[in-house]
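Take a look at the structure below.
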Amino acid sequence: MKRVKITAPAVAKMKGARKISVLTAYNAPIARLLDRAGVPIILVGDSVGMVEAGYDSTLPVTMDEMVYHTRAVARASEYALVVGDMPFLSYQVSIEDAKRNAGRLIKEGSADAVKLEGGRRSAETIRAICDMDVPVMGHIGLTPQSVLRLGGYKVQGRGGSEAEILMEDALAVEEAGAFALVLECIPEGLAVEITEKLSIPTIGIGAGSGTDGQVMVVNDILGLTAEADSPKFVRRYADLETIILTAVEAFTRDVIKGAFPSGKESYK
Ligand code: KIV
Numbered sequence: 017m018k019r020v021k022i023t024a025p026a027v028a029k030m031k032g033a034r035k036i037s038v039l040t041a042y043n044a045p046i047a048r049l050l051d052r053a054g055v056p057i058i059l060v061g062d063s064v065g066m067v068e069a070g071y072d073s074t075l076p077v078t079m080d081e082m083v084y085h086t087r088a089v090a091r092a093s094e095y096a097l098v099v100g101d102m103p104f105l106s107y108q109v110s111i112e113d114a115k116r117n118a119g120r121l122i123k124e125g126s127a128d129a130v131k132l133e134g135g136r137r138s139a140e141t142i143r144a145i146c147d148m149d150v151p152v153m154g155h156i157g158l159t160p161q162s163v164l165r166l167g168g169y170k171v172q173g174r175g176g177s178e179a180e181i182l183m184e185d186a187l188a189v190e191e192a193g194a195f196a197l198v199l200e201c202i203p204e205g206l207a208v209e210i211t212e213k214l215s216i217p218t219i220g221i222g223a224g225s226g227t228d229g230q231v232m233v234v235n236d237i238l239g240l241t242a243e244a245d246s247p248k249f250v251r252r253y254a255d256l257e258t259i260i261l262t263a264v265e266a267f268t269r270d271v272i273k274g275a276f277p278s279g280k281e282s283y284k
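If you count by my numbering, then the sequence shown holds residues 17 to 284, one letter each, in order.
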């Protein structure tokens, strides 16, 4: 049965009706599987820089790289809403830059929406992109592009004044027109307060179970990142590292023994 493609307004309406599962993807084969499994939102995160390219932060990721990965994911996604992440320096310098780069993710990357980090300081930018009719997902709390200022990947919003600032950030993002908001690494009580206050869905990562949805980095849930490096909030649903290692070692053994290819695997 052909499924109806998820849209940004459809996501906004999910608040209170159903929980929203969101996963990242960076390439077509994984995106195809997520789409087939019925994941409603696929985020082409700038986490690609850390989990695929091996950088120690998301800061080096470029617009051209995001366009490339977003296009691959979009080509494989019939059902899911594809959200392209705006990398560092693609929206911070000027509103004009931000509009052009958001437009690139839509026009060249075939994304259905874009995501960018920041609360009040990004509100004007979010409004400008929404004014071009491009749906925007916000992202506050632990914003990885702020790692140099934050001094590491740490829980945000602990303590009264930090929590108040995050609440103001959340309201500013909603006011600016975003259709959903990622809350990363904040105390679960604060995530519930923000979720109750906003009329747009909140998507948590390390923010407890009280948000409207949950997002995870797909490599983390599939066991493709080192367990020791995984934050506390990650749950591994598979151990692809072991499966891949076993397959690759078996192939190499067969090649060394001359057991691959067999007659059946050769042309006559
Ligand atoms: O880049 C990313 O994957 C993200 C999610 C973890 C929210 O921003």
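For glycine and all other residues, C-beta sits at the position ideal for the given N, C-alpha and C.
Residues in the same chain with beta-carbon distance under 8 Å from A254, minus the five sequence neighbours each way, listed in chain order, please.
Along the sequence shown, read from residue 1 onward, the residue named residue 254 stands at position 238. So the qualifying residues of the chain are I237, L238, G239.
With hydrogens ignored, establish whether the beta-carbon of P151 is closer than 8 Å to any heavy atom of the ligand KIV.
As a working note, residue 151 is residue 135 in the sequence shown. No; taking the cut-off as 8 Å, the Cβ of P151 has no heavy atom of the ligand KIV nearer than that.
At a cut-off of 8 Å, would you count L59 as near the ligand COA, judging by its Cβ distance to the nearest heavy atom?
With respect to small molecules bound, the structure shown includes the ligand KIV and not the ligand COA.
Closer than 8 Å by C-beta to M82: which residues in its own chain qualify, once you throw out the five before and the five after it? Chain order, please.
Reading the sequence shown from its first residue, position 66 is the one you call residue 82. Cβ neighbours of M82 beyond the five flanking positions: V60, D62, V64, G100, D101, M102, P103, S106, L121, G125.
Taking all protein chains shown into account, decide if A41 is buried (16 or more other Cβ within 10 angstroms of its Cβ) or exposed.
Along the sequence shown, read from residue 1 onward, the residue named residue 41 stands at position 25. Buried, since its Cβ has 16 or more Cβ neighbours within 10 Å.
Assuming T262 is part of the alpha helix (DSSP H), what are its boundary residues?
Counting from one through the sequence shown, the residue named residue 262 turns up at place 246. Its alpha helix (DSSP H) spans residues 256-273.
Does DSSP put M153 in a helix, in a strand, or in coil?
Indexing the sequence shown from 1 puts residue 153 at position 137. In the structure shown, M153 sits in a strand (DSSP, three-state: E or B).
Would you check whether the ligand KIV has a heavy atom nearer than 8 Å to the C-beta of H155?
Residue numbering aside, residue 155 sits at position 139 when the sequence shown is read from its first letter. Result yes, Cβ under 8 Å from the ligand KIV.
Is it right to say V20 is buried, meaning 16 or more other beta carbons lie within 10 angstroms of its own, or is it exposed?
Working through the sequence shown from its first residue, we reach residue 20 at position 4. Looking at its Cβ environment, which holds fewer than 16 other Cβ atoms inside 10 Å, V20 is exposed.
Would you grab the beta carbon distance between K123 and I145 for me? Rounded to a whole angstrom, and I think it's under 8 Å.
Counted from its first residue, the sequence shown places residue 123 at position 107. Counted from its first residue, the sequence shown places residue 145 at position 129. Their Cβ separation, rounded to whole angstroms, is 13 Å, which puts K123 and I145 out of contact at 8 Å.
Can you give me the Cβ contacts of D299 inside the same chain, cut-off strictly under 8 Å, excluding the 5 residues immediately before and after it?
Missing from the structure shown is residue 299; the chain here goes from 17 to 284 and no further.
If you follow the alpha helix (DSSP H) that M102 is part of, which residue opens it and which one closes it?
Here residue 102 refers to the residue found at position 86 of the sequence shown. Where M102 is concerned, there is no enclosing alpha helix (DSSP H), given that its DSSP letter is neither H nor E.
Considering only C-alpha positions, which residue in the set N235, S282, A244 is nearest to P45?
In the sequence shown, counting from the first residue as 1, residue 45 sits at position 29. Selected option, being the one with the closest Cα: N235.
Are I181 and G168 closer than 9 Å when you measure CB to CB?
Residue numbering aside, residue 181 sits at position 165 when the sequence shown is read from its first letter. Residue numbering aside, residue 168 sits at position 152 when the sequence shown is read from its first letter. For I181 and G168, no; Cβs fall outside 9 Å.
Taking 8 Å as the cut-off, is the C-beta of T227 nearer than that to any heavy atom in the ligand KIV?
Here the question's residue 227 lines up with position 211 in the sequence shown. T227: no, Cβ never under 8 Å from the ligand KIV.
Below 8 Å, how does it come out for the region 130-140 and the region 90-97: are there three or more Cβ pairs, yes or no?
No: the two stretches stay apart, fewer than three of their Cβ pairs being nearer than 8 Å.
Less than 8 Å between the CB of K131 and some heavy atom of the ligand KIV, yes or no?
Counting from one through the sequence shown, the residue named residue 131 turns up at place 115. Yes.
If I measure Cβ to Cβ from D51 and keep anything under 8 Å in the same chain, skipping five residues before and after, which residues do I get?
Within the sequence shown, residue 51 is the residue found at index 35, counting from 1. The residues are I58, A92, S93, E94, Y95, A96.
I'd like to confirm something about S63: is its beta-carbon nearer than 8 Å to some heavy atom of the ligand KIV, or not?
Start at 1 with the first residue of the sequence shown, and residue 63 comes out as number 47. Yes.
Can you tell me whether D228 is buried or exposed? The criterion is at least 16 other CB atoms within 10 Å of its CB, across all chains shown.
Start at 1 with the first residue of the sequence shown, and residue 228 comes out as number 212. With 16 or more Cβ atoms within 10 Å of its Cβ, D228 is classed as buried.
Using the rule of at least 16 other Cβ atoms within 10 Å of the residue's Cβ for burial, across every protein chain shown, is V264 buried or exposed?
Counting from one through the sequence shown, the residue named residue 264 turns up at place 248. The residue in question, V264, is exposed, as its Cβ has fewer than 16 Cβ neighbours within 10 Å.
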